[in-house]
Each structure stands twice: as structure tokens, then as C-alpha cells.
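S.K.: In the working numbering, the protein residues as written are -19 to 215. Virtual Cβ for every residue (Gly too), placed ideally from N, Cα, C.
#1: Does DSSP put residue 132 in a helix, a strand or coil?
#2: Pick from 134, 191, 95, 100: whose alpha carbon is nearest that of residue -4?
#3: Judging by CA-CA distance, which residue of 65, 4, 19, 61 is the nearest neighbour of residue -10?
#4: Closest to residue 184 by CA distance: which of 200, 199, 154, 194 is it?
#5: In this structure, how does DSSP classify residue 196 when only helix, strand and coil are distinguished?
#6: Under 6 Å Cβ to Cβ from residue 166, same chain only, skipping five residues before and after it: list those, please.
#7: For residue -16 versus residue 74, is the C-beta spacing smaller than 7 Å?
#8: To test your reading of the DSSP string, which unbroken alpha helix (DSSP H) runs of 4 or more residues are found completely within the stretch 45 to 131?
#9: Flag this pair as yes or no: are the beta carbons of residue 128 and residue 70 separated by less than 7 Å?
#10: Short check: CB of residue 126 to CB of residue 151, under 7 Å?
#11: Whose C-beta lies closer than 6 Å to the C-beta of residue 213 among residues of the same chain, with five residues either side of it excluded?
#12: Got a sec? Which residues, its chain only, sit under 8 Å from residue 35 by beta carbon, not counting five neighbours each side?
#13: Output yes or no for whether 7 Å exceeds the beta carbon distance between residue 193 and residue 98.
#14: Cα separation between residue 100 and residue 11?
#15: Count the other C-beta atoms from every protein chain shown that fall within 10 angstroms of the C-beta of residue 87, then say buried if there are 16 or more, exposed otherwise.
#16: Considering only the alpha carbon of each residue, which of 161, 158, 123 lies closest to residue 149?
#17: Pick from 177, 187, 180: whose alpha carbon is nearest that of residue 161?
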């Protein structure tokens, strides 16, 4: 049955659903910042959602992600009789396949045009690496993108090899000096989840050039994938 009332606890997916059928999106987290002016009930954060508020919205389905949301909240919603769909995304092809399933089988909505574009742009053979990078996502303590992450796969498909891709952890804690000495051609400093700026981040690196980048373009999976390809890959 076509979903008429949907709550999304994943910012990337919220953007996709709001573009596809805004009238059906009834709830989202405080972190769901796109599209601009999104007018839905806010249900707190990805890690501390207001479960009572979600239940009160009487959604046909709540969409979550294994990495971004807590298993405990999924279990509590399901125990309360709420249908929850869990996405698992560690690569760009994972994201495209997750949307195929979401639109075709869970929501029963038409696939949006951007999804075919993203598949065409990102899901072909992985090109040779033309450079290397490190991607901090937090400081105090410093944390970087490690193994088996969507961000790492996206950047690799854009030609940038992650120097921490073989680390045992997906988001390892490391010292800034270790990042600086890792041999990357560039340290990419996104504006989310930690908000790196000109005055907060680049000063920690004396050996490796830094570049401020949009966190949405390297960590979000959704309509931004089309924009990300234009911004990250050579012309």
C-alpha cells in the first residue's frame, strides 16, 4: 500500500522524501536541514528521537539507518506497533540500491529522476586513484573516516583514496599529528558533523594541505549525489 504518512530519522533520506512527495513526509529530526524551509514535525535528534511524538504522528513507516540511528529506538518503535524500515549504507551503490527498495517496495512511490542520474554517475567501475585524502569528522578527540564507510567509498569513486581506509575502525580516534603524518595529499575538513571552519581545523596541520568541503556533499546520500559528482570529480 502506498505510504501516506512517513517519518524520516535520516537527514539524507529526509531530503529525498521531501523532494519526492513533500505532503507525505510528516516528521523528521532536528538535523534534517534540507530542503530549506522543510515544514514538518520535528522529533529531536537521530540518536535521541522523541518516540512518543513519532507514535503520535501515526506514520505508515519510519525510515532509519543502521549507522545513524539506535537499535534500541528501532526496537521500541516496533514493540509499539510502528513499522520501521532500516537502511544499511556503506557504499554509494548501497545507497542507490537502498533507494530502489525504499521507493519500490516500502513506500510504493515512483523513483525520482535524480536516482537514475546518481546510478549513472557513481555506480560504474571505480576509477584509478589520482590522489589521497584524510577526512576528520570530529575533534577533541580527533576522529577520521576509516574503513567501510559511505564517505570513503564516495571519495574513492571520485578518485581520492582514503589513507585510513585500512584502519580496523570505521571512525578511528587519532591524534592530529597522526593525521598530518599519514601521507595524504589533502585533509578534507567538512562542516558536519563537526563544523570545521577557516579558523577551526586547518591550524592543526602543518605538513598537509587542507580543504574545507561541504559535509552534505561527502556524507549525505540522496539528491546531493548529483551535485557531489559535479563538485568532486574532474571536469
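M.R.: In this structure, then:
#1: helix
#2: 95
#3: 65
#4: 154
#5: helix
#6: 113, 189, 191
#7: With respect to the 7 Å criterion, residue -16 and residue 74 are not classified as neighbours on the basis of their beta carbons.
#8: Correct list: 51 to 59, 72 to 81, 93 to 102.
#9: yes
#10: yes
#11: 138
#12: 57, 60, 62
#13: No, these two residues do not count as a Cβ contact at 7 Å.
#14: Whole-angstrom Cα-Cα distance: 29 Å.
#15: Classification for residue 87: buried.
#16: Nearest Cα to residue 149 within the set 161, 158, 123: 123.
#17: 187
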